[in-house]
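One structure is given below, encoded as structure tokens.
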Amino acid sequence: MTIQQSLFCVITIESVKKLGLEKSDSNLAILLDMFMQEVLSIEIQREIISSIGRQKNNDKIYDFLSKEAFNNHYMEVIYQMFRTCLYKSKEDMRFADLRDRILKHYNNEVMQKMLEYHSFRKEKKRDLKSQRQILKPSLLIGDNRITLNKIQEQQVQLIFTSPPYYNARLYSDYRSYSDYLDSMKDTLRQCHRILENGRFILINVSPVITKRAGREFESIRYPIHFDFHNILCESGFYFIDEIIWIKPEYSVPNRIAGYLQTKKPLSYKPNCVTESIMVYRKNASFLLDKNIKDYDKNLKNDEQIDSTNCWYISPKSDKNHPAVFPEELCQKVLKYYSFEGDVVCDPFAGSGTFGRVANAMNRIPLLCEQNLEYAEKLKQGGFNEI
Ligand SMILES: C[S@@+](CC[C@H](N)C(=O)[O-])C[C@H]1O[C@@H](n2cnc3c(N)ncnc32)[C@H](O)[C@@H]1O
């Protein structure tokens, strides 16, 4: 195909791919020319850049990229140019320099991640199975920010917990909300250290309200889960999903009664039937497939699945602890986010529901609890203090 002919024919993904497969100066010239045409879809533009990247004439490719990467294109198109630089940088240092200039210019998180993944491609994932420290149900008694120092890094495959909800219950009393968040962040940093790279942490939180200091004062409502997003990210995790735990209306505190009496706009306070299960992954420079490949390929879950992010589960009450997990919630979390044999941790264990369910599902639980009464009961329940 000559340049003139190429301009008259309809450009398709297939025709562009074909030009990329044969390496020649004439094909490169056609591709460079095609890219300059006015109306091209993003997909075609990306394919053209990919085919340009397959060509051999690095001088021309470098000239093209160093001009176009700083022109006004959609970010998806720029990502493709960046990708080409990543691959070409192995054979020609000019592309490494251009890669760094593009990264600096856009200061973009997708490109940052592309660079990390690309650099990691040749590295082997560490074999952690042979260095396992926790082989039976275990318990750390005391403040998890300190006791977790006993655990070596990357020993745990899943963390699920329900932290204290600021000052909503007797077992927590923080000087201020900011003190509370600082303390949670210290725990999250420990969680990050002990969790295997690329594995999940799930946090169950929801907004809380603190009591009014007197009739003349307003109560304060804290959207804890919004703030947890920030401290999770600052601690080295990134957002994956939010599961909404939905409870029956009869089981939650009645907030709507006042409105029902007056029906006055602005006094509306709905009954809150949901709690958040925040699903985050520990930063890793590899895809989740690499974590899954660590296990026997025949290990699969049963047929029954929850196909949406809304899980309908009744809450549970307990005579010994004011805020226990329902077993069903723990079962679902364990089923979807861990394999049999995994070490799974609840750093705010309370009555230890998660640990007991984990044990029954052939996982190895590691619990942390600072309240001595709860800890004693956990010890009696078969958790070994370490
Ligand atoms: C919301 S409750 C967890 C209840 C638990 N999900 C259950 O099913 O029983 C939080 C627990 O964390 C404990 N806790 C609070 N701060 C802690 C800390 N820094 N280290 C260890 N445990 C802590 C409290 O004593 C409380 O029992």
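According to our numbering, the stretch in the sequence shown is residues 848 to 1233, in order.
Note that the Cβ used here is the ideal one computed from N, Cα and C, for glycine as well.
(message) Counting only C-beta atoms, is residue 1127 closer than 9 angstroms to chain C at any point?
(response) Absent here is chain C; the protein component of the structure consists of one chain.
(request) Using three-state DSSP, classify residue 874 as helix, strand or coil. (result) The DSSP-derived three-state label of residue 874 is helix.
(request) Please report the residue range of the alpha helix (DSSP H) in which residue 992 lies. (result) 991-994
(message) Could you compute how far the alpha carbon of residue 925 sits from the alpha carbon of residue 1000?
(response) 37 angstroms
(message) My assumption, with CB atoms under 8 angstroms, is that residue 1071 sits in contact with residue 1054. Please give the rounded CB distance.
(response) 6 angstroms
(message) Measuring straight from C-alpha to C-alpha, what distance separates residue 1230 and residue 1193?
(response) 13 angstroms
(message) Between residue 1102 and residue 1116, how many whole angstroms is the CB-CB distance? I'm expecting something under 8 angstroms.
(response) 4 angstroms
(request) Would you kindly check if the distance between the Cβ of residue 1049 and the Cβ of residue 1091 is under 9 angstroms? (result) no
(request) Please classify residue 1169: is it buried, with 16 or more other beta-carbons within 10 angstroms of its beta-carbon, or exposed? (result) exposed
(message) Let me check understanding here. Comparing Cα to Cα, which of 1124, 1099 and 1064 lies closest to residue 1086?
(response) 1124
(message) Suppose contacts are defined by Cβ-Cβ distances below 9 angstroms. Is residue 984 in contact with residue 1181 by that definition?
(response) The criterion of a C-beta distance shorter than 9 angstroms is not satisfied by residue 984 and residue 1181.
(message) Taking only three categories from DSSP, how would you classify residue 1012?
(response) coil
(message) Considering only the alpha carbon of each residue, which of 1198, 1195, 1126 and 1202 lies closest to residue 1189?
(response) Shortest Cα-Cα distance from residue 1189 to any of 1198, 1195, 1126 and 1202 involves 1202.
(message) Can you list, in chain order, the residues of its chain with a C-beta nearer than 6 angstroms to that of residue 902? Leave out the 5 residues immediately preceding and following it.
(response) Here residue 902 has 870 and 875 as same chain residues with Cβ atoms under 6 angstroms from its own Cβ, once five neighbours each way along the sequence are excluded.
(request) Could you pull out every unbroken alpha helix (DSSP H) segment of at least 4 residues lying fully inside the segment 1059-1094, listed in chain order? (result) 1071-1081
(request) Give the range of the beta strand (DSSP E) segment to which residue 1190 is assigned. (result) 1190-1193
(request) Work out the CA separation of residue 1056 and residue 1064 for me, nearest whole Å. (result) 13 angstroms
(request) Name the residue from 1142, 1035 and 1043 whose alpha carbon lies nearest to the alpha carbon of residue 1074. (result) 1035
(request) Give the single residue among 1156, 1114 and 1173 whose Cα lies nearest to the Cα of residue 1162. (result) 1173
(message) Just to check my reading of the structure: residue 988 and residue 1216 have Cβ atoms closer than 8 angstroms, yes? What is that Cβ distance to the nearest angstrom?
(response) 6 angstroms
(request) Answer yes or no: do residue 860 and residue 885 have a C-beta to C-beta separation smaller than 9 angstroms? (result) Against a cut-off of 9 angstroms, the Cβ pair of residue 885 and residue 860 comes out as no contact.
(request) Helix, strand or coil for residue 1160, going by three-state DSSP, please let me know. (result) Look at residue 1160 here: in three-state DSSP terms it is coil, with no helix or strand label.
(request) Would you mind giving the Cβ-Cβ distance between residue 943 and residue 928, rounded to the nearest angstrom? I have them listed as a contact below 8 angstroms. (result) Not a contact, Cβ separation roughly 14 angstroms.
(request) Would you check if the segment 931-949 and the segment 957-970 touch, i.e. whether three or more CB-CB distances between them fall below 8 angstroms? (result) yes
(request) Can you say whether residue 1108 is buried or exposed, counting buried as having 16 or more other CB atoms within 10 angstroms of its CB? (result) exposed
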